[in-house]
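Numbering (my numbering), first residue to last: 6 to 89. Following: one structure in structure tokens, then a few remarks.
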């Protein structure tokens with residue numbers, strides 16, 4: 006799942022993000038989970054409402070610190086993709 010998410014598969018990003026945000030079968034990492042959910046939301050098609058709904062739920066529950074950390078992680082992700 007992690008490899009598929011790293012390769013940009015938005016369904017995998019959404020599932021991994023949800024698992025990390027909620028601590029489902031993985032240690033809870035809310036900011037990292039929100040990062041994956043954000044990437045998935047940005048790539049999801051209009052018919053993939055489940056991704057947008059999961060993102061919206063996580064964003065609403067996330068603390069300000071989690072949101073700020075998520076932004077930093079997203080910036081690193083984008084920078085890393087540019088360097089490839």
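A virtual CB, placed ideally from N, CA and C, is assigned to each residue, including glycine.
DSSP state of residue i mapped onto helix, strand, coil
| i | result |
| --- | --- |
| residue 47 | helix |
| residue 12 | coil |
| residue 72 | helix |
| residue 28 | coil |
| residue 53 | coil |
| residue 18 | helix |
| residue 79 | helix |
| residue 6 | coil |
| residue 33 | coil |
| residue 88 | coil |
For residue j and residue i, believed in contact at Cβ under 8 Å, the rounded distance
| i | j | result |
| --- | --- | --- |
| residue 25 | residue 31 | 6 Å |
| residue 41 | residue 13 | Between residue 13 and residue 41 the Cβ distance is about 11 Å, and since that is not below 8 Å, they are no contact. |
Endpoints, the alpha helix (DSSP H) within which residue i is located
| i | result |
| --- | --- |
| residue 67 | Per DSSP, residue 67 belongs to no alpha helix (DSSP H) and is neither H nor E. |
Beta-carbon proximity of residue i to residue j, cut-off 8 Å
| i | j | result |
| --- | --- | --- |
| residue 71 | residue 35 | yes |
| residue 20 | residue 6 | yes |
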